[in-house]
Amino acid sequence: MSSSPPIVKEPLAPPAIPEHAAAFIFLHGLGDDAHGWENIAEQFQNAKKLPYLRWIFPNAPENRDALQQAWYAPTPLSPFPSQRPELDDEEDEEGLKRGVAYVDSLIDELKDRGIPLNRVVLGGFSQGCAVTLLSGLMSKHSGKLAGLVCLSGYMPLIDKIQHLRSAADHPATMGETPIFVARGTRDVLVPRRYLTLCVDKLRELGVNDSALEVHEYEGLAHAASREELRDLCHWLEKVIPALEN
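Numbering (the numbering used here), first residue to last: 2 to 246.
What follows is the structure, given as structure tokens:
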């Protein structure tokens, strides 16, 4: 996957012990880039929240089909179930898999820095959420991360995911992996039924209810809000807490 390098925000207070460090990889949405989200890290750091956390904001490549930066070629998301699914556009499976491979390479780089997998959180917004979920379910790091953050997105390849998990070299065991799922009630780009489909599929795949934290924010469109980020901060402090040096 060819794209510009990620934006990295180093921790304000790096732990003396490398194994006590933590990292958050966050993937932007369609047509956006890493600069659109780096201010989230700045807000957290200005508030002295998670000062030991390393933030990584990757950039999606230019997608020739989408004619903009995209992790994969998008397909329409309808608020209603399809009446003729055989006529629906096929999802860009190869593009999604390339996104998963790229995320794996970023996680490998963190491992090489000495950050344990159970101190790495993967997250994303919209398309970034889709790549996050696919990575969490079928990549070689499945079931080993500290948690997944899924903002205003959906689960891609939902009818194929079980086959992809079975075919993977490292099948996922996701039961206890914490997952933060959130959307706004006025999000018309990713209709609400995709939240239901995602949560139901996660449960079907064995994710425990105790590992799922689901939020809907009244009046929020396809965006992030202060309330959402506050809830995300509390969740991050639980799944990657500060450790004594």
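Glycine included, every Cβ here is placed at the ideal spot set by N, Cα and C.
Since ILE26 sits in a beta bridge, which residues does DSSP pair it with?
Residue numbering aside, residue 26 sits at position 25 when the sequence shown is read from its first letter. The partner list for ILE26 (beta bridge, DSSP) reads ILE57, LEU123.
Between the alpha carbons of TYR195 and GLN84, how many angstroms are there, rounded?
As a position in the sequence shown, residue 195 is number 194, starting the count at 1. As a position in the sequence shown, residue 84 is number 83, starting the count at 1. Going by the C-alpha atoms only, they are around 16 angstroms apart.
Compute the Euclidean distance between the alpha carbons of LEU158 and ASN60, then round it to the nearest angstrom.
The residue you call residue 158 lines up with position 157 of the sequence shown. The residue you call residue 60 lines up with position 59 of the sequence shown. Going by the C-alpha atoms only, they are around 22 angstroms apart.
Taking the alpha-carbon positions, what's the GLY125 to VAL208 distance?
In the sequence shown, the residue the question calls residue 125 occupies position 124. In the sequence shown, the residue the question calls residue 208 occupies position 207. Each residue's Cα considered, the two are about 19 angstroms apart.
Which of the three DSSP states is assigned to ALA131 in this structure?
Your numbering for residue 131 matches position 130 in the sequence shown. If DSSP states are grouped into helix, strand and coil, ALA131 belongs with the helices.
With distance defined between alpha-carbon atoms, name the residue in LEU198, MET139, LYS141, THR178 nearest to VAL150.
As a working note, residue 150 is residue 149 in the sequence shown. The shortest C-alpha separation from VAL150 is found at THR178.
Out of VAL200, LEU111, LEU221, which one is the CA nearest neighbour of PHE25?
Counting from one through the sequence shown, the residue named residue 25 turns up at place 24. When each option's Cα is compared against that of PHE25, the closest is LEU111.
Assuming ALA183 and GLU238 are in contact, meaning their beta carbons sit under 8 angstroms apart, how far apart are those beta carbons, in whole angstroms?
The sequence position of residue 183 within the sequence shown is 182, counting from 1. The sequence position of residue 238 within the sequence shown is 237, counting from 1. About 16 angstroms; that fails the 8 angstroms criterion.
Given a threshold of 16 other Cβ atoms within 10 Å of its Cβ, counted over all protein chains shown, does HIS268 qualify as buried or as exposed?
With the chain covering 2 to 246 only, the question about residue 268 has no answer from this structure.
Are the CB atoms of GLY96 and PRO19 within a distance shorter than 8 angstroms?
As a first step, residue 19 must be located in the sequence shown, where it is residue number 18. As a first step, residue 96 must be located in the sequence shown, where it is residue number 95. Not in contact: PRO19 and GLY96 (Cβ atoms no closer than 8 angstroms).
Output needed for SER226: all residues of its chain with C-beta closer than 6 angstroms, excluding positions within five of it in sequence on either side, in chain order.
Here residue 226 is taken as the residue at index 225 of the sequence shown, counted from 1. Closer than 6 angstroms at Cβ, skipping near neighbours: TYR218.
In the DSSP output, what is LEU213 paired with across the bridge?
Translated into the one-based positions of the sequence shown, residue 213 becomes position 212. Its beta-bridge partners are ILE180.
When the Cα atoms are used, what is the spatial distance from SER247 to GLY30?
Not covered by the structure: residue 247. The range shown for the chain is 2 to 246.
Counting C-beta neighbours from all protein chains within 10 Å, is the total for ARG204 16 or more, i.e. buried, or is it exposed?
Along the sequence shown, read from residue 1 onward, the residue named residue 204 stands at position 203. The residue is exposed, with fewer than 16 neighbouring Cβ atoms inside 10 Å.
Using the Cα positions of LEU113 and GLN46, report the straight-line distance between them to the nearest angstrom.
Along the sequence shown, one-based indexing puts residue 113 at 112. Along the sequence shown, one-based indexing puts residue 46 at 45. According to the sequence shown, residue 113 is Asp rather than Leu. Going by the C-alpha atoms only, they are around 25 angstroms apart.
Name the residue from GLY148, LYS10, GLY137, TYR53 whose alpha carbon lies nearest to the alpha carbon of ILE247.
Here the chain has residues from 2 to 246 only, and residue 247 is not among them.
Tell me which residues share the same chain as ALA22 and place their Cβ nearer than 6 angstroms to its Cβ, disregarding the 5 neighbours each side in the sequence.
Translated into positions along the sequence shown, residue 22 becomes position 21. Hits under 6 angstroms: PRO16, ILE116.
One question on the structure: do ASP105 and GLN70 come within less than 8 angstroms of each other, judged by their Cβ atoms?
Here residue 105 is taken as the residue at index 104 of the sequence shown, counted from 1. Here residue 70 is taken as the residue at index 69 of the sequence shown, counted from 1. The answer is no: Cβ separation not under 8 angstroms.
Where do the ends of the alpha helix (DSSP H) carrying GLY154 lie?
Here residue 154 refers to the residue found at position 153 when the sequence shown is read from its first residue. Note, GLY154: premise wrong, no alpha helix (DSSP H); not H, not E.
Between MET156 and VAL122, what straight-line distance do the alpha-carbon atoms span, to the nearest angstrom?
Within the sequence shown, residue 156 is the residue found at index 155, counting from 1. Within the sequence shown, residue 122 is the residue found at index 121, counting from 1. Those two C-alpha atoms are separated by around 18 angstroms.
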